[in-house]
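Asker: Structure incoming, see below.
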Amino acid sequence: MGMLVRHKYRILSVVLMLTAAFLALCFWFENSHMMQISNNAVTLQKSFLKETVNNVIRDIDNERETRNAYYLQILSGMSHGLDAAMADSPDQQTFCDTVNGFFGRDSDVNVSHVVVDLKTGQVLCDEDKVLSDGYSSVDGLHREFEVCLDFRRGDYMLVFGLSRKTAERLLAGSLHDRLHRYVFDDQSYIWVNAVVNFDGGDGYAIRLIHPYLSDTEGMLLSTNMTDAVGDTPYLTELEGIKEHGELFSSYYFQRPQDGQPARKITYSKLYRDYGWIISMGSYYEDIEGEVNEGAAYMGPLRVDVLIVVLLAVYFVVVAALLVLFYNDRAKSRSLMQNMQRLLAIDAATGANSRRYLERALDQDLERCRRGERPALIMLMDIDDFHGHLHHGSKSHDIILNEVSTACSKLLRNDDCFAHYDADLFFFVLHEDVPEQAHEVFAHIQKAISDIPSDVLGFENDLTVSAGASCVTSSDTSFKEVVERCERAVEVAKDEGENNLAIFLKGSAEPSLVQSARSFQKGVYLCEHLAEAIRDERIKVYYQPIIRAKTERVCCEEALSRWDDERYGFMSPGVFVPVLERARLIYRLDLYVVERVLKDFAVCRAAGTSLIPVSINLSRYDFEECDMVEAVSELCDRYGIDRRLLVIEVTESALAADEEAMGEAIKRFHDAGFSVWMDDFGSGFSSLEILRKFDFDLIKLDMSFVLEDFSSEKNLAILQNSINMAHDLGIEALSEGVEQREQADRLRAMGIDRMQGYLYDSPRDLGYILTRARTRTGLPFEGESR
Numbered sequence: 001m002g003m004l005v006r007h008k009y010r011i012l013s014v015v016l017m018l019t020a021a022f023l024a025l026c027f028w029f030e031n032s033h034m035m036q037i038s039n040n041a042v043t044l045q046k047s048f049l050k051e052t053v054n055n056v057i058r059d060i061d062n063e064r065e066t067r068n069a070y071y072l073q074i075l076s077g078m079s080h081g082l083d084a085a086m087a088d089s090p091d092q093q094t095f096c097d098t099v100n101g102f103f104g105r106d107s108d109v110n111v112s113h114v115v116v117d118l119k120t121g122q123v124l125c126d127e128d129k130v131l132s133d134g135y136s137s138v139d140g141l142h143r144e145f146e147v148c149l150d151f152r153r154g155d156y157m158l159v160f161g162l163s164r165k166t167a168e169r170l171l172a173g174s175l176h177d178r179l180h181r182y183v184f185d186d187q188s189y190i191w192v193n194a195v196v197n198f199d200g201g202d203g204y205a206i207r208l209i210h211p212y213l214s215d216t217e218g219m220l221l222s223t224n225m226t227d228a229v230g231d232t233p234y235l236t237e238l239e240g241i242k243e244h245g246e247l248f249s250s251y252y253f254q255r256p257q258d259g260q261p262a263r264k265i266t267y268s269k270l271y272r273d274y275g276w277i278i279s280m281g282s283y284y285e286d287i288e289g290e291v292n293e294g295a296a297y298m299g300p301l302r303v304d305v306l307i308v309v310l311l312a313v314y315f316v317v318v319a320a321l322l323v324l325f326y327n328d329r330a331k332s333r334s335l336m337q338n339m340q341r342l343l344a345i346d347a348a349t350g351a352n353s354r355r356y357l358e359r360a361l362d363q364d365l366e367r368c369r370r371g372e373r374p375a376l377i378m379l380m381d382i383d384d385f386h387g388h389l390h391h392g393s394k395s396h397d398i399i400l401n402e403v404s405t406a407c408s409k410l411l412r413n414d415d416c417f418a419h420y421d422a423d424l425f426f427f428v429l430h431e432d433v434p435e436q437a438h439e440v441f442a443h444i445q446k447a448i449s450d451i452p453s454d455v456l457g458f459e460n461d462l463t464v465s466a467g468a469s470c471v472t473s474s475d476t477s478f479k480e481v482v483e484r485c486e487r488a489v490e491v492a493k494d495e496g497e498n499n500l501a502i503f504l505k506g507s508a509e510p511s512l513v514q515s516a517r518s519f520q521k522g523v524y525l526c527e528h529l530a531e532a533i534r535d536e537r538i539k540v541y542y543q544p545i546i547r548a549k550t551e552r553v554c555c556e557e558a559l560s561r562w563d564d565e566r567y568g569f570m571s572p573g574v575f576v577p578v579l580e581r582a583r584l585i586y587r588l589d590l591y592v593v594e595r596v597l598k599d600f601a602v603c604r605a606a607g608t609s610l611i612p613v614s615i616n617l618s619r620y621d622f623e624e625c626d627m628v629e630a631v632s633e634l635c636d637r638y639g640i641d642r643r644l645l646v647i648e649v650t651e652s653a654l655a656a657d658e659e660a661m662g663e664a665i666k667r668f669h670d671a672g673f674s675v676w677m678d679d680f681g682s683g684f685s686s687l688e689i690l691r692k693f694d695f696d697l698i699k700l701d702m703s704f705v706l707e708d709f710s711s712e713k714n715l716a717i718l719q720n721s722i723n724m725a726h727d728l729g730i731e732a733l734s735e736g737v738e739q740r741e742q743a744d745r746l747r748a749m750g751i752d753r754m755q756g757y758l759y760d761s762p763r764d765l766g767y768i769l770t771r772a773r774t775r776t777g778l779p780f781e782g783e784s785r
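Just so it is clear: in the sequence shown, position 133 is 133 by UniProt numbering, and no numbers are missing.
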């Protein structure tokens, strides 16, 4: 009996110990999961804050790019007006009076101007106070402008354009309206401070935008300011920004609703061009509210578990522990789903976000690997999006929102529509195949054309271009699908507006599916080519090529333009691809050759010195006729020295049929023509082509010059390309030279020739003859000036 009692108490002791152990384990799991929920909530909120601020910065960059392109068009037109209004050799007073009178007529445009005496460096006119106190030389003028052009006459230079001060003011106004419209579910908001002095102190920054404290906008801030608990958040923020360019921080701020101090988590990032600190913050209380809701849910459950454990001991404790664990997991998943839902919506358009799209495409990749029918992916790009800026600064936001709303109505149950970037949208369609893409595109065009003009604020002339592809089992990531769609959009846009290109099954390149309007235009151009050549409606313009050492015109490039009664003035980008597809391009190119030879004869009769002219030939020319024989016969007919005609062949033409093109280049050389390689560096086989073919000159692709000259990698490639050409006994020419800084840097690298709008735009023969007769503009080689 005593032994039974002893065993009973021993068993009871073991049971109590097990009970205590399981209860302790229960509480440990509870605390561990509550901590995990809290950490996940803070991490997701930080990601949301950072992603939203970076989206705002991307919107700022897109708006600047759009505005700069718009003002560059305005400035180009003003430059032509100034050229006509200004005397050839004005004195100081005449120059300044002409400039002030010209800009006085355009006072409603945000264009500023500065006049400088090039001999003395003295500023003669700066009515808008564009120049800062630190101005010391003419070279520093351009840094005061966001976008500008130069205009020179004699000893005086005019720099005019959109000043950095005006650009910053316009951007701040647009951003102010946008941020005041943003609404977030968790009372988050975005504000902007403009830093005046990065050393800190009183007045170190100006509160530029604050949606909840709009009455304080324009107020000077100090790093000595303290928050509700005595900390100095502005000092902490400034030091972090100076060191890293961004930071997460926290401080105490009085809630606008009740005036009570509350802790905030904030992400701040520096927009360096304007010295803006763009920040977004959320209250910790909102995050803790989700966590506390989970804790409140678990409190009664914990008491129930304790009672059950005391009654049923071991097995109930285990059951309660499992219930607790899975309930915590459910609550954690719910919280994460709420945060993911916030990240899945694009704040600018209300459509699905880029993050949501990437997740959807990953899911489609997985379905495709399981053998299910792939989704049709379509990338949509709004045509001439930047050109609508003249309708008002808010026109872009209106267009994006209305296009998003119209397209969202086309979706079915499991389809997806997302705003990808700037004016790009993605459709993910699960009930269509590539062959049906044209039908889908037609519905999109109809939906956009039905947007009321009074809603847009201007006549609805919106069109879109699109590229489509299916997700395939060979795709390893969503980026491959996106890249195919982007390539298809490029093909569609190369043919004009309102077009669709698709990747059909098994194709390596997208196929163009033209709209009815584009198709009709292509047919029209092919049918009227012979008439345009007969009536000389295709004009030849000449752009000078400059000798780098002397800055004299050593050659000119012939460029064609089509002046049509129906479609107006068309650039080669409109009609050349159409004629190439129809295999009619050789007629155009032979016409241009003959037109150039006739112009040579006119110049010779006028007593003007003749300089070589380069002609661009298409690879299709060599498939349709004996181009070497045809060009040689035309030179002989008009009695023009073959050395005056230079043949330009692109890298893509060489790659199409190396054997035939190699033979053609040799025959051109044997016939006395120089042969240049155009667009060197634009493809993947430039070095191989240089090894196989003999050229007299290579034209470096425009992208080499348009890239940022601060990039060491770009400069190294450019320098070595020039050196390699010289080592092979070939001259090097750089296209796309638009700024004096580019020209000076290229000259220092040893470039032989340069071409671009810094020197002149394409001109007709009349302009060239006038320039030669009056000895104005750029001098020709051999001309005594």
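Quick reminder that beta carbons are idealized off the backbone N, C-alpha and C, glycines included.
Here the structure is a predicted model, which is why all the values come from computation and not from measurement.
For residue 696, which option in 702, 681, 714 and 666 has the closest C-alpha, if you only look at C-alpha atoms?
Answerer: Shortest Cα-Cα distance from residue 696 to any of 702, 681, 714 and 666 involves 666.
Asker: State the beta-bridge partners of residue 125 as determined by DSSP.
Answerer: In DSSP, residue 125 forms a bridge with 115.
Asker: Can the beta-carbon of residue 646 be found less than 8 Å from the beta-carbon of residue 614?
Answerer: yes
Asker: Three-state secondary structure (DSSP) at residue 269?
Answerer: strand
Asker: For residue 443, count neighbouring Cβ atoms within 10 angstroms of its own Cβ and tell me buried if that reaches 16, exposed if not.
Answerer: exposed
Asker: Hey, is the segment 587-607 in contact with the segment 555-564, meaning 3+ C-beta pairs nearer than 8 Å?
Answerer: Enough Cβ pairs lie closer than 8 Å, so yes.
Asker: Which same chain residues end up closer than 6 Å to residue 786 when comparing Cβ atoms and leaving out the 5 residues on each side of it in sequence?
Answerer: No information on residue 786 is available, as it lies outside the stretch 1 to 785 that the chain covers here.
Asker: Pop quiz: residue 727 and residue 699 are said to be a contact at Cβ under 8 Å. What is the actual Cβ separation, rounded to whole angstroms?
Answerer: No, residue 727 and residue 699 are not in contact; Cβ-Cβ is about 18 Å, not under 8 Å.
Asker: Any idea if residue 219 is buried or exposed, counting beta-carbon neighbours within 10 angstroms, 16 or more meaning buried?
Answerer: exposed
Asker: Is the beta carbon of residue 628 less than 8 Å from the beta carbon of residue 660?
Answerer: no
Asker: So residue 814 and residue 166 are supposed to be a Cβ contact under 8 Å. How far apart are they, rounded?
Answerer: No information on residue 814 is available, as it lies outside the stretch 1 to 785 that the chain covers here.
Asker: Run through DSSP, which three-state label would residue 160 get?
Answerer: strand
Asker: Is the beta carbon of residue 124 closer than 8 Å to that of residue 96?
Answerer: yes
Asker: May I have the straight-line CA-CA distance separating residue 644 from residue 722, to the nearest angstrom?
Answerer: Pairing residue 644 with residue 722, the inter-Cα distance amounts to about 24 Å.
Asker: Hey, how far is the Cα of residue 573 from the Cα of residue 580?
Answerer: 11 Å
Asker: Roughly how many whole angstroms lie between the Cα atoms of residue 100 and residue 93?
Answerer: 10 Å
Asker: Alpha carbon to alpha carbon, what distance is there between residue 151 and residue 784?
Answerer: Roughly 24 Å separates the two Cα atoms.
Asker: Where do the N-terminal and C-terminal ends of the beta strand (DSSP E) with residue 356 fall, by residue?
Answerer: No beta strand (DSSP E) contains residue 356, which is instead part of the alpha helix (DSSP H) from 354-369.
Asker: Cα separation between residue 441 and residue 121?
Answerer: 58 Å
Asker: If distances are taken between C-alpha atoms only, which option among 782, 490, 588 and 757 comes closest to residue 530?
Answerer: 588
Asker: Thinking just about the alpha-carbon of each residue, which of 252, 365 and 490 is nearest to the one in residue 471?
Answerer: Measuring C-alpha to C-alpha distances from residue 471 to each of 252, 365 and 490 identifies 365 as the nearest.
Asker: For residue 264, count the other beta carbons within 10 Å of its own beta carbon; 16 or more makes it buried, fewer makes it exposed. Which is it?
Answerer: buried
Asker: Please identify the residue among 411, 35 and 115 whose C-alpha is closest to the C-alpha of residue 427.
Answerer: 411
Asker: The ligand FAD and residue 701: does the residue's C-beta get closer than 7 Å to at least one heavy atom of that ligand?
Answerer: What this structure holds is no ligand at all, so the ligand FAD is not there to describe.
Asker: Within 10 angstroms of its Cβ, does residue 17 collect 16 or more other Cβ (buried), or is it exposed?
Answerer: exposed
Asker: Cβ of residue 157 within 8 Å of Cβ of residue 131?
Answerer: no
Asker: Report all residues from its chain with a CB closer than 6 Å to the CB of residue 126; omit the five preceding and five following residues, and keep chain order.
Answerer: 114
Asker: For the beta strand (DSSP E) that contains residue 790, what are its first and last residues?
Answerer: The requested residue 790 does not occur in the structure, where the chain is confined to residues 1 to 785.
Asker: Using CA atoms only, rank isn't needed, just tell me which of 539, 249, 286 and 349 is closest to residue 182.
Answerer: 349
Asker: Return the first residue and the last residue of the beta strand (DSSP E) that residue 148 is part of.
Answerer: 145-153
Asker: Where are the beta strand (DSSP E) runs, 3 residues long or more, that stay fully inside the UniProt domain "GGDEF" (373-505), in chain order?
Answerer: 376-382, 416-421, 424-429, 464-470 and 500-502
Asker: Return the Cβ separation of residue 268 and residue 241 in integer angstroms, given the expectation that the two are a contact with Cβ distance under 8 Å.
Answerer: 6 Å
Asker: Under 8 Å, do residue 488 and residue 468 count as touching if we go by C-beta distance?
Answerer: Residue 468 sits close to residue 488, with the two beta carbons spaced by under 8 Å.
Asker: For residue 283, write down the residues that DSSP places opposite it in a beta bridge.
Answerer: 264
Asker: Taking the C-alpha atoms as reference points, what is the distance between residue 632 and residue 765?
Answerer: C-alpha separation (whole angstroms): 23 Å.
Asker: Within its chain, find whatever has a CB closer than 6 Å to the CB of residue 229; leave out the 5 residues flanking it on each side and keep chain order.
Answerer: 252
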